[in-house]
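Visitor: Supplied in structure tokens, the structure appears directly below.
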Amino acid sequence: TGESGKSTFVKQMRIIHGSGYTDDDKRAFIGLIYQNIFIAMHTMLDAIEKLGIAYSNPDNQANVDLIREVDAESVTQLEPDKVAAIHQLWADPGMKECYERRREFQLTDSSK
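The numbers in the working numbering rise by one with no breaks, and the one at position 101 of the sequence shown is 102.
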């Protein structure tokens with residue numbers, strides 16, 4: 002996937018042997034987590050198209066459009082309509098097939 006795990010290792014060492022994370026540290030990660038969600042979704046949406054996988058539910062195109070509207074690099078909150086769209090997309094067998102083929106494109110380990 003292109004990830005070596007160095008930052009994860011350092012974070013785990015901090016949690017195990019250090020003081021862990023403060024509440025402010027945890028709050029600072031929220032935006033990054035939201036960004037990672039949408040970056041992963043954009044990657045999946047691009048991949049499903051490139052791999053020629055069809056959505057089982059054609060109505061999911063509206064969900065695709067909604068997710069593509071989000072600027073993944075600057076998102077700071079999860080809006081209920083976007084959460085619902087992500088859930089509906091992940092429930093689609095086409096999206097699940099795409100995820101099973103994730104070795105054919107670069108997807109972060111934490112995407113699912």
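Note that beta-carbon positions come from the ideal geometry of N, C-alpha and C, so glycine has one too.
(1) Taking the runs of the beta strand (DSSP E) that are 3 residues or longer, which of them lie wholly in the stretch 33-65?
(2) Note down the Cα distance separating Met-96 from Ile-40, rounded to an integer number of angstroms.
(3) Out of Ser-57, Trp-91 and Gly-32, which one is the CA nearest neighbour of Ile-68?
(4) Identify whether Val-76 lies in helix, strand or coil by the three-state DSSP scheme.
(5) Starting from Gly-95, trace the alpha helix (DSSP H) in both directions and tell me its first and last residue.
(6) Going by C-alpha distance, which of Tyr-56, His-18 and Ala-48 is nearest Pro-94?
(7) Assign Ile-1 to buried or exposed, taking buried as 16 or more other Cβ atoms, counted over all protein chains shown, within 10 Å of its Cβ.
(8) Could you check if Met-42 is buried or exposed, using at least 16 other CB atoms within 10 Å of its CB as the buried criterion?
(9) Determine, using beta carbons only, whether Val-11 and Gln-36 come nearer to each other than 9 Å.
(10) Look up Lys-12 in the DSSP assignment and say whether it is helix, strand or coil.
Guide: Considering the structure as presented:
(1) none
(2) 15 Å
(3) Trp-91
(4) coil
(5) 94-101
(6) Tyr-56
(7) Outside the displayed range of the chain (2 to 113) lies residue 1, so it cannot be described from this structure.
(8) buried
(9) no
(10) helix
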